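*Asks:* Let me begin by handing over the structure; questions about it come next.
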Amino acid sequence: MSAAQTDDTALLHVDLVVLGGGSGGLAAAFRAAEHGRRVALVEPGALGGTCVNVGCVPKKAMWLAADLGARIAQAAQLGFALPAEGHVGFDWPKFITDRQRYIHGIHDSYRKRLDRDGIVVLPARGRLAGPGRVECDDGTCLAAPHIVLATGSSPQRPDVPGAEMGAVSDDFFAWCGAPSRVALIGGGYIAIELAGMLQALGSQVDVHVRDQRLLRQADAEIVEQLQENYRQQGVNLVFGYALEALRRGDDGRLRLQAADGSVSEVYDQVLFATGRRPNTGDIGLDTVGITPDANGDIPVDAWQATPAPGVYAVGDICGCGPALTPVAIAAARRLCDRLFGDKPDAKLDADNVPSVVFSHPPLAMVGLTEADARARHGDDVHIYRTNFRPMREALAESNQRSLFKLVCVGAERRVVGLHLLGDAADEILQGFAVALKRGITLDDLHDTIAIHPTSAEEVVLLR
Ligand code: NDP
């Protein structure tokens, strides 16, 4: 143990206490240790938090399974002979074993690195206990001049009767098979991803959205194409839907009741993807005078500092930047570089954060949507788009289409937004996100020789 223990029984003095061992908390602990500081990390659950255990990582594994299933079906259309009279079964429990083995590997690598860096890990629930103090439910008390709060967020259910009978994304990861009929409530990232995966893996999915479209924050035209692709895949999209209650029938199956009184067909599972709420309850915020805002977010300034001296917050518990793992990691690293690494100006830059919705096909976006650009730059906005069938879809005579859209401003056509819906969009976007951040123009794209034949080349050929 690298931390110094004081004479009074269990008060451990360190340079930094981190509450929460998810993406943000681990990044803070590792970076502070790299700067030679003594760190204690308090985490009652599995290392890696939401991302590793019930988020990005298991989600991407399930997405890969769904993607493989769709490709196998397409292979059959393209002349490949499939075993067992053309039917390929999916052994979901076997796949979960593989998925969890992969996740355990991540846990192991974290543990090794925490040990190597001399970080004290307390497998306990911690709470603030006044300025510079943290109490753990195993009786340990910690003292530190710096405390980072990184306790993440949890899925929230809407406040309607029967909501407790519905599942949330955490529950999905414990399922051992595709339910026949699934109702999803919500139209954001998680609803879109779960809908695509479940439909591809054998469920009949109905998505109920209170808005008139999916993914309010994404470019409208891109979302329209995604909706069209989903409808072709068999996903039923219900817009303008106001859920009033969830009811269980005598057969044990669930029905939705809408505000207009209509009652849905029966579902084997109802899944709520209606947003997440910061985990700020019972972490002792009152003991240091921090009050969460109306969304439950901990208030922080551009330097991740809360109103309490020496207390900082990163990740989903503070509303700075989108709720994404790489954003939490970036914020935590910069914070620790500033506190311990002699970089007084280090702070998160939450502009032009690229992100990907793992739909089928994936939707990747960075920068401004057309609507945002027009609101900001008026008539100075120039749009370039291409709507095409990628080669594999065309070979298989499928109508799944890709849409790539470039948003530029000014006479020099500076690129301020790039929105890609299509196969491999998740892999294509990262490099273009660097270019956008560097302020490239349409001419820079045109000066770049295309890679042929690919989908990615469409970005440099847009005119
Ligand atoms: P989102 O905020 O993306 O979407 C929530 C959806 O639920 C919205 O459509 C919202 O509607 C709807 N909603 C909220 N409350 C209700 C209600 N009471 N009744 C009906 N509908 C409701 O949240 P998610 O849970 O999908 O994801 C949380 C965050 O996690 C994301 O914003 C993203 O930052 C992150 N994430 C990122 C992923 C990735 O990078 N691939 C994957 C998954 C999550 P409305 O728009 O009308 O408010």
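Here the sequence shown stands for residues 1145 to 1607, where the numbers follow the working numbering.
Backbone N, C-alpha and C define an ideal beta-carbon position, used for all residues, glycine too.
Predicted, not measured: the structure shown is a model, and the values here were computed from it.
#1: Going by DSSP, name the residue or residues bridged to Leu-1160.
#2: I'd like to know whether the C-beta atoms of His-1251 and Leu-1212 end up nearer to each other than 8 Å.
#3: Note down the Cα distance separating Pro-1299 from Ala-1555, rounded to an integer number of angstroms.
#4: Taking the alpha carbon of Leu-1483 as the point to measure from, which residue in Ala-1172, Leu-1155, Ala-1540, Leu-1156 has its own alpha carbon closest?
#5: By the three-class DSSP mapping on this structure, what secondary structure does Ala-1172 have?
#6: Go ahead and label Leu-1222 buried or exposed: buried means 16 or more other beta carbons lie within 10 angstroms of its beta carbon, across all protein chains shown.
#7: Ala-1311 to Thr-1424, Cα distance in whole Å?
#8: Using a threshold of 7 Å, is the CB atom of Arg-1354 nearer than that to any non-hydrogen atom of the ligand NDP?
#9: Once you ignore the five residues that flank Cys-1200 on each side, which residues in its own chain have a CB closer than 7 Å to its CB?
#10: By the three-class DSSP mapping on this structure, what secondary structure does Ala-1383 have?
#11: If you follow the beta strand (DSSP E) that Ala-1508 is part of, which residue opens it and which one closes it?
#12: Starting from the C-beta of Asp-1151, find all residues in its chain whose C-beta is less than 8 Å away, skip the five residues before and the five after it, and write them out in chain order.
#13: Just the Cα atoms here: how many angstroms apart are Arg-1609 and Leu-1156?
#14: Quick one: using the 10 Å Cβ neighbour count with 16 as the cut-off for buried, is Asn-1543 buried or exposed?
#15: At a threshold of 7 Å, does Tyr-1374 count as lining the ligand NDP (C-beta to nearest heavy atom)?
#16: Can you say whether Cys-1195 is buried or exposed, counting buried as having 16 or more other CB atoms within 10 angstroms of its CB?
#17: To which residues of the same chain is Gln-1343 closer than 7 Å at the C-beta, ignoring the five residues directly before and after it?
#18: Name the DSSP beta bridge partners of Tyr-1456, please?
#19: How many whole angstroms separate the CB atoms of Leu-1565 and Leu-1606, which I take to be in contact at a CB cut-off of 8 Å?
#20: The ligand NDP and Pro-1302: does the residue's C-beta get closer than 7 Å to at least one heavy atom of that ligand?
#21: Any chance the CB of Leu-1605 is under 7 Å from a heavy atom of the ligand NDP?
*Replies:* By the coordinates alone:
#1: As a first step, residue 1160 is located in the sequence shown; it is residue number 16 there, counting from the start. In the DSSP output, where bridge partners are listed per residue, Leu-1160 has Val-1183, His-1290.
#2: Position 107 of the sequence shown, counting from 1, holds the residue named residue 1251. Position 68 of the sequence shown, counting from 1, holds the residue named residue 1212. Not a contact, by the Cβ cut-off of 8 Å.
#3: Position 155 of the sequence shown, counting from 1, holds the residue named residue 1299. Position 411 of the sequence shown, counting from 1, holds the residue named residue 1555. Going by the C-alpha atoms only, they are around 45 Å apart.
#4: Along the sequence shown, read from residue 1 onward, the residue named residue 1483 stands at position 339. It is Ala-1172 whose Cα lies nearest to the Cα of Leu-1483.
#5: Numbered from 1 along the sequence shown, position 28 holds the residue referred to as residue 1172. Three-state DSSP puts Ala-1172 in a helix.
#6: Stepping through the sequence shown from its first residue, residue 1222 is reached at position 78. Exposed is the call here.
#7: Working through the sequence shown from its first residue, we reach residue 1311 at position 167. Working through the sequence shown from its first residue, we reach residue 1424 at position 280. C-alpha separation (whole angstroms): 22 Å.
#8: Residue mapping note: residue 1354 aligns to position 210 of the sequence shown, counting from 1. Correct: Arg-1354 has its Cβ closer than 7 Å to the ligand NDP.
#9: Position 56 of the sequence shown, counted from the start, is the residue given in the question as residue 1200. Excluding sequence neighbours, Cys-1200 sits near Thr-1469.
#10: The sequence position of residue 1383 within the sequence shown is 239, counting from 1. According to the sequence as given, residue 1383 is Phe; it is not Ala. It is coil, neither helix nor strand.
#11: Along the sequence shown, one-based indexing puts residue 1508 at 364. From DSSP, the beta strand (DSSP E) with Ala-1508 extends over 1507 to 1511.
#12: Here residue 1151 is taken as the residue at index 7 of the sequence shown, counted from 1. Annotation note: pLDDT 48 at Asp-1151 (below 50); position unreliable, coordinate value reported separately. Correct list: empty, nothing qualifies.
#13: Because the chain in this structure spans residues 1145 to 1607, residue 1609 falls outside the shown range and cannot be described.
#14: Walking along the sequence shown from the start, residue 1543 turns up at place 399. When all chains shown are included, Asn-1543 counts as exposed.
#15: On the sequence shown, residue 1374 is found 230 positions in, with the first residue counted as 1. Not so, every heavy atom of the ligand NDP lies at least 7 Å from the Cβ.
#16: Here residue 1195 is taken as the residue at index 51 of the sequence shown, counted from 1. So Cys-1195 ends up on the buried side.
#17: Numbered from its first residue, the sequence shown carries residue 1343 at position 199. Taken in chain order, the residues that qualify are Val-1349, Gln-1377, Gly-1378, Val-1379.
#18: On the sequence shown, position 312 is the one that residue 1456 refers to. Beta-bridge analysis with DSSP links Tyr-1456 to Val-1292, Ala-1449.
#19: In the sequence shown, residue 1565 corresponds to position 421, counting from 1. In the sequence shown, residue 1606 corresponds to position 462, counting from 1. Contact flag wrong, Cβ pair sits at about 14 Å.
#20: For the purposes of this step, residue 1302 is taken as residue 158 along the sequence shown, with counting starting at 1. At least one heavy atom of the ligand NDP is nearer than 7 Å to the Cβ of Pro-1302, so yes.
#21: In the sequence shown, counting from the first residue as 1, residue 1605 sits at position 461. Leu-1605 Cβ: outside cutoff for every heavy atom of the ligand NDP.
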